[in-house]
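Protein chains in written order, with full-length UniProt numbering: chain A, 1 to 347; chain B, 1 to 347.
Just so you know, even glycine gets a beta-carbon here, dropped at the ideal spot from N, CA and C.
To start, the structure itself, in structure tokens.
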DNA sequence: GGGGGGACTGACACCGCTGGCCATTCGGGC
DNA sequence: GCCCGAATGGCCAGCGGTGTCAGTCCCCCC
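Below, the structure written as structure tokens:
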């Protein structure tokens, strides 16, 4: 249906369409850009020709004239392939069909050229918009650059850091609270928590939510049962080894993410403990791994792809004549995925 | 050092540079494009101004004039986040600094609009080049589209499918042969193989290499010990369950990828078998999971990031005045990562 | 001293599209 | 018949670069 009709091999231009539709290229341009001053009749005729010839305007030329590209950037510093790929997919869900493309920009926030690189990327590409997943989303310096470059952006973070139209809040605390309730309801009382590193907001949010959840059941997190991890497998192993060596070891451990939770599993195995018999474990993220390891890990799942889509939709809202601030905002709601790594404590 | 000097906030243009360097914008253009017809003196002067003002030419305008964008596309249909992210990273390793950006284009090869979508992407964006990882790299229809659009591309595949300058060959067969030798040298004789689906070249290559490796030790793959999987966890479980139910079950299983290998582990556990005591298992891919599951999985690792980099370097060779065909070509060499899921068979 | 040629540079059109401004046409209300 | 607004076209400039081509300059050689 949309086979380009020009035998020349080169794609059609706006002039071709104008000639074939017997209108001026100005009117074709009006149609493309949804100008309201086009008769319905004319619009249909032009659109027919466009469709017939599979024409789509050259994004470079258009971008040049608009002083803005049709590229959405995603700037991230996230080592989890699962997170990254799902978020990319979500962004693409929203961005395709809007005629935008996704340019990925992983970066190293620890590098001393980090800001210069990001600035140069943003300024040079005149991005249509930028998606900032954690932890880059938490870096105000990046946001400053974006503002200075007059580049729209959406930040994805566990807690609100900005005006609503620039935020997708993931409410990690709610997910952690669910984990807490789950463990409390199973009857656990000696419950431990392994946090992520301080440099991540999610780390605090997950800890806070977990405490809130426990509090609902009249439980308090004993500081003796809290360890700081680094969101890595090894740090999970280490922290859990310490906890399990306690005179009164916990009967359940909530790890700040799945990597650490699986480290906890290893530590339990090393200590000759049965999971979940001797120790219940809950993670956070629902990595693919979580449903492969044995026992399958109970964990909190974030709808990452949806989050990406929602963020991108805020960016493209303007294209559809919507206002990102007033959009009906589906809330991100972390869910608890109960699998086999949790059960009641031994009597 | 590279702080833009224009208080206006807008980035410098070629005209600004021309004025400041007291040359025509054409000469600035020559400097940017490394034209040999610029006096050394002039070039230095222009470069000084460019550096001083942190100028970099607008990719859109340049692309418009060149009839080519500065975007590298990566078109893939690969469900493994690990693979995708590593390959993206590798491509970026090569592409950054060349002034190119990476546009990601996951797709669904099963969709009936697949080819139209890919065509529209390629034609519209006038891509600088395209990276095709498996399995898209094996689709000749995509390659036809690229050729028709006069768009450079590099295919990454387990076996050569094209002229050398358009190929990065991953030699999966060599990796599989290593796995075979490893098992043979451990003393295994009843060795099973779970293949991937027929639709993947890698599936055949891994099978072929495995047989070759066995043959070096005078062993032959007994068809009774071969099952076809689908590169999924579940298919691994299923195939292994069948194999382990055999009257004389294998003492070692080579799975076509890690997903299936981990499925094999589950099947072994379900069958009450000890890994590696009763059953040795080897996978392929070295997913992050492989070093998290228990026992840690022995597997074959492909240098995915390097592969991405090598592919992108072929694309950018022209920019550096090199010829992709004659480049010194580092070979991809899959390596065997021996972990804890393999040992000798019980006597 | 004049001619020739290579090295270097700049003027100008153009890439494909949008925006501004004005002219033109058409149809309808009064 | 007049006026007005909606719909459209024409034209030109401009986005920020590059290609073409025609110089200009300088040096070398006869």
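Query, Result
"Span of the alpha helix (DSSP H) holding residue 266 of chain A?", "258 to 270"
"Using a Cβ-Cβ cut-off of 6 Å (strictly less than) and excluding sequence neighbours within five positions of residue 435 of chain B, which residues of its own chain qualify?", "The displayed coordinates of chain B run from 1 to 347. Any statement about residue 435 of chain B would go beyond what the structure contains."
"Could you list the residues in the stretch 69 to 83 of chain A with a C-beta less than 7 Å from some C-beta on chain B, going in chain order?", "69, 81 and 82"
"Considering only the alpha carbon of each residue, which of A:257, A:265 and A:146 lies closest to residue 336 of chain A?", "A:257"
"Does the Cβ of residue 134 of chain A have 16 or more other Cβ atoms within 10 Å, making it buried, or fewer, making it exposed?", "buried"
"When the Cα atoms are used, what is the spatial distance from residue 17 of chain A to residue 116 of chain B?", "20 Å"
"Helix, strand or coil for residue 311 of chain A? Go by DSSP, reduced to three states.", "helix"
"I want to verify the contact list: residues of chain B whose CB lies under 7 Å from the CB of residue 233 of chain A, in sequence order.", "292"
"Are the CB atoms of residue 72 of chain A and residue 100 of chain A within a distance shorter than 7 Å?", "yes"
"Using the Cα positions of residue 129 of chain A and residue 55 of chain A, report the straight-line distance between them to the nearest angstrom.", "25 Å"
"For the stretch 258 to 270 of chain B, which residues have a beta carbon sitting closer than 9 Å to at least one beta carbon of chain A?", "259, 262, 263, 265, 266 and 269"
"Please identify the residue among A:341, A:53, A:319 and A:344 whose C-alpha is closest to the C-alpha of residue 35 of chain A.", "A:319"
"Taking residue 61 of chain B as the query, report the chain A residues whose CB atoms sit under 7 Å from its CB, ordered along the chain.", "64"
"Could you check whether residue 280 of chain B and residue 241 of chain B sit closer than 7 Å to each other, using their CB atoms as the reference points?", "no"
"In whole angstroms, give me the CA-to-CA distance for residue 174 of chain A and residue 195 of chain A.", "16 Å"
"Could you run through the UniProt domain \"HTH lacI-type\" (12 to 66) of chain A and flag, in chain order, every residue whose CB is less than 8 Å away from some CB of chain B?", "54, 56, 58, 59, 60, 61, 63 and 64"
"Residue 196 of chain A by DSSP, collapsed to three states: which one?", "coil"
"Can you tell me whether residue 216 of chain A is buried or exposed, with buried defined as 16 or more other CB within 10 angstroms of its CB?", "exposed"
"Using alpha carbons as the reference points, say which of A:81, A:139 and A:40 lies closest to residue 109 of chain A.", "A:139"
"Could you please give the first and the last residue of the uninterrupted beta strand (DSSP E) stretch that includes residue 253 of chain A?", "252 to 255"
"Which chain A residues sit within Cβ distance under 7 Å of residue 102 of chain B?", "103 and 104"
"Between the alpha carbons of residue 233 of chain A and residue 164 of chain A, how many angstroms are there, rounded?", "34 Å"
"Please give me, in chain order, every unbroken run of the beta strand (DSSP E) with length at least 3 that falls completely inside the stretch 124 to 175 of chain A.", "129 to 132, 153 to 157 and 167 to 169"
"Among the candidates B:183, B:161 and B:224, whose CA atom is the shortest distance from the CA of residue 205 of chain B?", "B:161"
"Listing by chain order, which chain A residues have their CB less than 8 Å from the CB of residue 124 of chain B?", "11, 56, 58 and 59"
"If you reduce the DSSP assignment to three classes, tell me which class residue 289 of chain B lands in.", "helix"
"Looking at residue 131 of chain B: is its Cβ nearer than 7 Å to the Cβ of residue 307 of chain B?", "no"
"Which residues does DSSP list as the beta-bridge partners of residue 228 of chain A?", "A:195"
"Would the stretch 81 to 97 of chain B count as touching the stretch 46 to 60 of chain B if we require 3 or more Cβ pairs under 8 Å?", "no"
"Which of the three DSSP states, helix, strand or coil, is assigned to residue 186 of chain A?", "coil"
"Beta-carbon within less than 6 Å of residue 200 of chain B's beta-carbon, same chain only, minus the 5 sequence neighbours each way: which residues are those?", "135"
"Residue 85 of chain A CB to nearest chain B CB: under 7 Å?", "yes"
"Tell me which residues share the same chain as residue 98 of chain A and place their Cβ nearer than 6 Å to its Cβ, disregarding the 5 neighbours each side in the sequence.", "316 and 319"
"Mind checking whether residue 85 of chain B and residue 84 of chain A have CB atoms under 7 Å apart?", "yes"
"Work out the CA separation of residue 300 of chain A and residue 314 of chain A for me, nearest whole Å.", "25 Å"
"Classify residue 283 of chain B as helix, strand or coil using the three-state DSSP reduction.", "strand"
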